[in-house]
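Count along the sequence shown starting at 1, add 55, and that's the number in our numbering. C-beta atoms are modelled at their ideal positions from N, C-alpha and C, and glycine is treated no differently. Notes for the one structure printed next.
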Amino acid sequence: LKPNGANVLVTEENKKEYVHLVCQMRMTGEPGGSRGGPGVVPAPSDPPPWSAGAIRKQLAAFLEGFYEIIPKRLISIFTEQELELLISGLPTIDIDDLKANTEYHKYQGNSIQIQWFWRALRSFDQADRAKFLQFVTGTSKVPLQGFAALEGMNGVQKFQI
């Protein structure tokens with residue numbers, strides 16, 4: 056996956072990089088992913104879905120079409136989060152739904168700090184609520200079934216304070 060990688064132990068500090076490199080290898084067949092852009096990576100003929108490079112052709116075709124509509128130089132100035140907001144738009148974040156699907160640890164729902172938290176969150180406009188959601192969940196999207204379907208690292212779980 057990377058030079059001398061067989062001799063590197065996966066730790067808490069480098070596991071994100073490891074997962075990224077494994078995903079790149081599985082999707083494109085290239086260690087660290089393709090750096091050449093669409094159409095540059097040679098595609099294997101019909102690889103099995105579990106093999107390295109399983110979606111290389113599809114990814115290259117998608118990027119080629121995407122960059123034809125929106126040139127790479129124009130979108131390269133955005134982070135993934137900003138691009139997600141541009142494509143998906145601002146979500147409508149229902150604070151009452153979030154509150155109903157929240158667990159408190161070392162606090163109670165009537166603790167003054169929790170009351171301040173909900174008051175502050177209600178004062179946010181939708182753009183700031185989307186930024187808050189992006190910060191605490193990693194995405195600015197509200198689950199289709201509402202916050203009762205919020206996905207965490209261990210599957211569906213409530214928002215936690």
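Rounded to the nearest angstrom, the gap between the Cα atoms of Asn59 and Ile110 is 26 Å.
In the assembly as shown, Ile148 is a buried residue. Its beta-carbon has 16 or more other beta-carbons within 10 Å. Between the region 161–175 and the region 118–136 there are fewer than three C-beta pairs closer than 8 Å, too few to call the two in contact. Looking at the backbone, the Cα of Gly84 and that of Glu67 are separated by about 25 Å. For Ala116, the uninterrupted alpha helix (DSSP H) segment begins and ends at Arg111 to Ile124.
In this structure Phe202 is buried. Its beta-carbon is surrounded by 16 or more other beta-carbon atoms within 10 angstroms. Taking 7 Å as the cut-off, the Cβ atoms of Ser195 and Leu188 count as close.
Taking Lys154 as reference, the option from Lys127, Asp183, Leu176 and Lys57 with the minimal CA-CA separation is Leu176. The alpha helix (DSSP H) runs of length 4 or more contained entirely in the region 146–184 are, from start to end of the chain, 150–155 and 167–178.
Of the candidates Ser131, Asp151 and Tyr122, the residue whose Cα lies closest to the Cα of Trp173 is Asp151. In this structure, the beta-carbon distance from Thr157 to Phe214 falls below 7 Å. In this structure, the alpha-carbon of Ala182 lies about 44 Å from that of Ala61.
DSSP, read as helix, strand or coil, puts Val197 in coil. One thing to note: Tyr159 has its Cβ within 7 Å of the Cβ of Ile216.
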